[in-house]
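**Q**
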Amino acid sequence: VTCVTVSTVTGRVEVQDLLAAVKPNTCLVSVMLANNETGVIMPIRELCRKVNGVNQQRGHPRILVHTDAAQALGKICVDVADLGVDYLSIVGHKFYAPRIGALYVRGPGTTTPLHPMFYGGGQERSFRPGTENTPMIAGLG
129 VTCVTVSTVT GRVEVQDLLA AVKPNTCLVS VMLANNETGV IMPIRELCRK VNGVNQQRGH
189 PRILVHTDAA QALGKICVDV ADLGVDYLSI VGHKFYAPRI GALYVRGPGT TTPLHPMFYG
249 GGQERSFRPG TENTPMIAGL G
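First residue of the sequence shown: 129, per the numbering used here; consecutive thereafter.
(1) In the DSSP assignment, find the unbroken alpha helix (DSSP H) run with Val208 in it and report its ends.
(2) One question on the structure: do Leu216 and Ala197 come within less than 8 Å of each other, judged by their Cβ atoms?
(3) Beta-carbon within less than 8 Å of Pro241's beta-carbon, same chain only, minus the 5 sequence neighbours each way: which residues are those?
(4) Can the beta-carbon of His194 be found closer than 8 Å to that of Ser158?
(5) Compute the Euclidean distance between the alpha carbons of Gly139 and Ile169, then round it to the nearest angstrom.
(6) Does DSSP classify Met245 as helix, strand or coil?
(7) Taking DSSP as the reference, what is the three-state secondary structure of Met170?
(8) Quick check: what's the CA-CA separation for Glu252 versus Arg234?
(9) Below 8 Å between beta carbons: does that hold for Ile218 and Met264?
(10) Arg256 and Gly212: beta carbons closer than 8 Å?
Listed below in structure tokens is the structure:
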């Protein structure tokens with residue numbers, strides 16, 4: 129795990145600093161979209177474009193990009209296609225929904241890897257066992 133500090137000037141993770149921290153075995157970059165304490169919006173769109181450029185040059189392992197959009201959802205426009213992320217996570221209680229989370233995965237199991245944490249039933253295309261919490265899911269929207 130490599131941690132990249134935020135700029136003391138902008139309060140953001142600077143894309144060039146993050147790219148400089150990439151190692152040959154780097155396979156995931158995770159950056160929050162909006163900081164919960166300062167409200168600073170991170171340059172996720174630019175980061176994704178630059179990481180895609182690195183991926184084209186280096187081949188495998190491909191670097192995947194995750195953003196935690198919990199603080200941003202409902203406050204700014206959050207569009208996964210526009211951001212270009214591979215994974216995006218949210219949690220409902222940040223926008224007056226039930227306390228349940230959701231994970232967006234671009235092309236689950238094909239374009240972007242997704243592996244089950246638990247094994248059992250075939251729910252969610254065998255990505256998770258157990259009965260879905262339908263009231264919480266409906267409350268999330």
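Glycine included, every Cβ here is placed at the ideal spot set by N, Cα and C.
Source: prediction; values computed, not measured.
**A** The structure says:
(1) Per DSSP, the unbroken alpha helix (DSSP H) holding Val208 starts and ends at 208-211.
(2) Yes. Within cutoff.
(3) Answer for Pro241: Leu192, listed in chain order.
(4) yes
(5) 9 Å
(6) coil
(7) Coil, per DSSP.
(8) 15 Å
(9) Contact: no.
(10) In this structure, Arg256 sits away from Gly212, with a CB-CB distance that is not shorter than 8 Å.
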